[in-house]
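Asker: So the sequence lines, in the order shown, correspond to chains A and B. Heads up, the first sequence is in my numbering, so the first residue is 1247 and it goes up one at a time. Heads up, the second sequence is in my numbering, so the first residue is 507 and it goes up one at a time. I am attaching a structure below and will ask some questions about it afterwards.
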Amino acid sequence: MRSLISSLVILAALAFATAAHAGRPITIKGSDTMVILGQRWAEKYMNEMSGQVVMVTGGGSGTGIAALINGTTDICQASRPMKPDEKLKLRDRYQTMGQEIAVARDGLAVYFNESNPMQKLSIEQLKAIYMGQVTNWKQVGGKDATIVLYGRENSSGTYVFFKDNVLGGRDFSPRVQTLPGTAAVVNAVSKDPNGIGYGGAAYAKGVKDCAIQKDAKSTAILPTAATVKDGSYPLWRHLYFYLRKKPEGDTKKFVDWVLSPAGQQLATQVGYFPL
Amino acid sequence: MKRRSFVMAAMASLVLFQPLRADEAPAESVNEPAVTRAELQGLLDGLNEQIQAHQADLDKLKRFKFSGYVQARMDVGEASSDSVKVSGSPATIAPANLSRFYIRRARLKLTYDASPLSQAVVYLDGGQDRTIRLLEGYITLLDPWTPLHDHQLTMGQFNVPFGYEIERSSSVRELPERSRAENVLFSGERDRGIKLENQWTPQFKTTTALLNGGGVNSADFPNTDPTRGKDFVGRARWSQGVWDLAGSYYFGRQVTALTGPDVWTEKRRVGVDAQFFFALPRVGGTTLRGELYQGQEANPDSAKALLTSPSTANPVRLLKSGANAAHLATDMLGWYVMGVQNLGERAQFVMRYDIYDPNTDLDHDQYKRWSFGVNAFYDGFTRATVSYDAITTESSIGAGRFRDPKDNLWTFQLQHKF
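Put into C-alpha cells, the structure is as follows:
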C-alpha cells in the first residue's frame, strides 16, 4: 500500500510539473478562404491590444483541424464544419468535444471569365458541369467551347462545401484542375475565357460572379451582402473558429473582439458578411 | 518541391527581366524586344502545362498515405532478478529479469485511396519480437449513395469489432496496455473475415462481422479455421458526443483438439461499454469510462485439470476418466473503470482498475490491477508516458494458503506518432 501511495504521489507531481504552461502568442491556422480575414483581424487586434501577438497561417481547413488536434495551433479557422471522425480524434486527445464558434458568413461564389456571356447556372447544371457530364458551354446555353474546370485541393473546406452542397457528396470530374488557394482559382479563371471556378465571394476580382438558381424554376441570385445575409443566395456558409475547449484568457479576449461590432465590421470590409 | 520552385523562379525572373534588359540596350534594338508578347504567352502556357502535369502526378502520389508510430519502452519490474527460469518438459529457459529496454510497437500503415469508393490498407508491426508481421490487411468498399460513405464493407484481416478498447489505437490509448480481460479474450485484437459498418444516423452505428474465430495470435489455428461455421460479432453504438453507450455480442465455437474425437465448446461473449466526457474549468477535459465482458470461454486451467498431458512416452491427449467435456469452457467475467484527466493541454493523468475472472465458479483465480499513469505531450507528435501497475493475483503456497506474487511494474515510454 505504501508503494502504491508513493507511486501516486510521484505520478501526480510529474503531471503537475508537465502541466505548467507559459504565456505565448495566439496561433491561428486553417482555411485559405479565411486567411486574409484572419490576418486583418490579427493586425487590427494587435494594434488595439499592444503586447498581444496573433499569428495567422493558411493551409486549408483540413490542415488547420489536424493542427488543432496535434496541439500546434490555438485556433483553427475552417470554412466547413468539423467531420465526425475529426471530432472523435479531438475527443480522444483532449477529452473534450471542441468548441465551434461561427465568426462570419461567406457566399461561395461561382466565377466566370469576364468575357463569358453566361450569367447564371442552376445547382443541377453546376453539378453536371463539375461531375463532367456537361463539358461544353453550349449544353448550358453558352457558346460552343469546351468548359475548363478549376477547383480546390481536397484539404480545402471550400472543396468539401462545394462537394457536399453542389455535387451532393459525389465526386468531382478528373478534369478539374486543382489549384492551391481561391486566389489561384480566380487568377486562372480571369485568364481563361472558357474557365469556371468557385471560391469565397470576397476573392472575386477580375472575374464575373455567376447568379445561382436553386433549381431550374427559381430566380437566379447573385452573391451580395443582402442575399447572403438573408439566406436567399443558395450557396452561403458560416465561417468558423474551432478551439479545443471554451476560450479562456487571451484567446477569449481575441474571440470576443472578433465577434464584437468592430470585428464584424472588419469582416464586411474584407468582403465577407457579418453574422 | 524546392528545386521546382527554384527553377520556376529562375525562369520567371528571366521572363521578367528580358524587357528591362531590352530597355537598357542601345537605341537600335528598342524596336526589337528580346521577347514578344506572343512568345511570352507561349512560355507561360508551356509552364502551365508542366505545372498541370506535375499536379496530376502529385494527385496520384497523394492517394498513398503513410502513418504509424514507434513506442520505445523501459520496464522496471518488482520481480526482476539476475537469473533465468528453467521449467517444463522439455525444459525451457526464460529470463527472470523484467527490467529492460525494448520496442513495444513499431508500426507503419499504408492506406491507398484508389478511388473515392474503395481503399486498401496494409499495416505492419516490427516491434517486440523484432520480426516484421502483418497486423492488418484489408480492402474496404464505400457506398456511393451517401456523402460521407456511411455504409462500408471490409474484407481481410482487421480489428475484431467488439468493445471499446479493441478498435482504439494503442497510439492514442492513455495507458500503455489494454485491460487484462481484453488481452485474454482478444489476444492480438485482430482476425480474418468480413465486416459491415453502417452509420445509420450521426449518433447510431452498427457493425457486424463474420470471422474465422481463432484470432491472429492463436497458437493452434493462426491461419486456418477448424470450424465450417464462422464466428459472429455484432456491435451497436450510440454516440451522443458527451456520452457514448455501446453493446457488443460475439458467438462462435471453439475446438479443444484431442487424440480421438475433438471437443467443441461455445465461445459466447457479451460486452457493454460507456464513456462520459466533460471539462473541468481551468483544468481540462475529463473522461470516465467503463467496460464489461461476460460470457463463456474455453479455460486453459480447466484443460489442465480435465485433460491428460501428452508426454514423449505417452503422446496422447485425452479427457481424464470421469471428466465432463462441457466443463472445458467456464463462465468468465471481466471489467474495468477508468478516469482520464487532462491537466492543461500538455499533460494528462489517468487511473484504471481492472479485473478478470476466468472462472466465476472458482475462487483465487482473479486478476486485479490498479494502473496509474501520466502522459506528457512534448509536441504534437511525441509524448512521454510514466505508468505504474499494481497487480494482485493469488498464487497457491500449499495448505490452502495463497499469496500475491511481487509483480508490480513501472513503465517509461516515449512514443512518436506520424
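Cβ atoms here follow ideal geometry from the backbone N, Cα and C, with glycine treated the same way.
Does the separation of the CB atoms of A1466/A and K1335/A fall below 7 Å?
Answerer: no
Asker: Taking any Cβ of chain B, which residues in the region 1403 to 1427 of chain A have a Cβ under 7 Å from it, in chain order?
Answerer: Flagged, chain order: D1410, G1414, G1415, D1417, Q1423 and T1424.
Asker: According to DSSP, is G552/B helix, strand or coil?
Answerer: helix
Asker: Given a cut-off of 7 Å on the beta-carbon distance, is the pair G1284/A and Y1488/A in contact?
Answerer: no
Asker: Please name the residue in D1338/A, T1497/A and Q1510/A whose C-alpha comes closest to that of Q1298/A.
Answerer: For Q1298/A, the closest alpha carbon among the candidates D1338/A, T1497/A and Q1510/A is that of T1497/A.
Asker: Comparing C-alpha positions only, which one of R1398/A, G1276/A and T1424/A sits nearest to D1320/A?
Answerer: The residue with the shortest Cα to Cα distance from D1320/A is G1276/A.
Asker: What's the C-alpha gap between A531/B and A544/B?
Answerer: Reliability of the predicted coordinates at A531/B is poor, the pLDDT of 45 falling under 50, and no value is obtained from them.
Asker: How many angstroms separate the CA atom of H1267/A from the CA atom of L849/B?
Answerer: Note that H1267/A has pLDDT 45, beneath the 50 cutoff, so the model's placement of it is unreliable and the number below is only indicative. Using only the alpha carbons, I get a separation of about 10 Å.
Asker: Which ranges would you report for the beta strand (DSSP E) in the region 724 to 806 of chain B if only whole runs of at least 3 residues count?
Answerer: 737 to 745, 749 to 762, 769 to 786 and 790 to 804
Asker: How would you list, in chain order, the residues of chain A whose beta-carbon sits under 7 Å from the beta-carbon of T792/B?
Answerer: Those within 7 Å of T792/B in chain A are Q1341.
Asker: Could you tell me whether the Cβ of D1331/A comes closer than 7 Å to any Cβ of chain B?
Answerer: no
Asker: S745/B to E1399/A, Cα distance in whole Å?
Answerer: 31 Å
Asker: Roughly how many whole angstroms lie between the Cα atoms of A890/B and T917/B?
Answerer: 10 Å
Asker: Taking the beta strand (DSSP E) that F1408/A belongs to, which residues open and close that run?
Answerer: No beta strand (DSSP E) holds F1408/A; the alpha helix (DSSP H) holding it covers G1403 to N1411.
Asker: So does the region 1315 to 1330 of chain A actually touch the region 660 to 674 of chain B, counting three or more Cβ pairs closer than 8 Å?
Answerer: no
Asker: To the nearest angstrom, how far is it from the Cα of Q663/B to the Cα of R696/B?
Answerer: 7 Å
Asker: Tell me which residues of the region 1488 to 1515 of chain A have at least one Cβ-Cβ distance to chain B shorter than 8 Å, keeping chain order.
Answerer: Contact residues of the region 1488 to 1515 of chain A toward chain B are R1490, K1491, K1492 and E1494 (C-beta to C-beta distance below 8 Å).
Asker: According to DSSP, is V1380/A part of a helix, a strand, or is it coil?
Answerer: coil
Asker: So, helix, strand or coil for Y1449/A, using DSSP?
Answerer: Reduced to three states, the DSSP call for Y1449/A is helix.
Asker: According to the Cβ coordinates, are G845/B and M857/B closer than 7 Å?
Answerer: yes
Asker: Of all the residues that make up the region 1377 to 1403 of chain A, which are near chain B by a beta-carbon distance shorter than 9 Å?
Answerer: Flagged, chain order: E1399 and N1400.
Asker: What is the rounded straight-line gap between the Cα of S685/B and the Cα of G643/B?
Answerer: 25 Å
Asker: What residues in its chain sit with their C-beta under 6 Å from that of L794/B, if we drop five residues either side in the sequence?
Answerer: F782 and G845
Asker: Would you call F1408/A buried or exposed, if buried means 16 or more other Cβ atoms sit within 10 Å of its Cβ?
Answerer: buried
Asker: Starting from E688/B, trace the alpha helix (DSSP H) in both directions and tell me its first and last residue.
Answerer: R686 to L691
Asker: Using a C-beta to C-beta distance shorter than 8 Å, which residues of chain B count as neighbours of T1318/A?
Answerer: D885 and G886
Asker: Are three or more beta carbon pairs between the region 748 to 757 of chain B and the region 723 to 733 of chain B nearer than 8 Å?
Answerer: no
Asker: Rounded to the nearest angstrom, what separates R527/B and T542/B at their Cα positions?
Answerer: With a pLDDT of only 45 at R527/B, under 50, the local geometry of the prediction cannot be trusted, and the value read off the model is given with reservation. Distance between the alpha carbons of R527/B and T542/B: 13 Å.
Asker: Any beta-carbon of chain A closer than 7 Å to the one on N848/B?
Answerer: yes
Asker: On the DSSP letters alone, give me the boundaries of the alpha helix (DSSP H) that P1330/A sits inside.
Answerer: P1330 to Y1340
Asker: Does the beta carbon of D1338/A come closer than 7 Å to any beta carbon on chain B?
Answerer: yes
Asker: Using the C-alpha atoms, what's the distance from N689/B back to A1513/A?
Answerer: 54 Å
Asker: May I ask you to report which of helix, strand or coil DSSP gives T1514/A?
Answerer: The answer is helix: DSSP assigns T1514/A an H, G or I state.
Asker: In chain order, what residues of the same chain have a beta carbon less than 6 Å from the beta carbon of P1480/A, not counting five sequence neighbours either side?
Answerer: I1458 and K1460
Asker: Figure out for me which residue from I599/B, Y618/B and A612/B has the closest Cα to the Cα of F570/B.
Answerer: Minimum Cα-Cα distance from F570/B among the listed residues I599/B, Y618/B and A612/B corresponds to Y618/B.
Asker: Looking only at its chain, what residues have a beta carbon closer than 8 Å to the beta carbon of P1520/A, apart from the 5 residues adjacent to it on each side?
Answerer: A1350, R1351, K1475, Q1510, Q1511, A1513 and T1514
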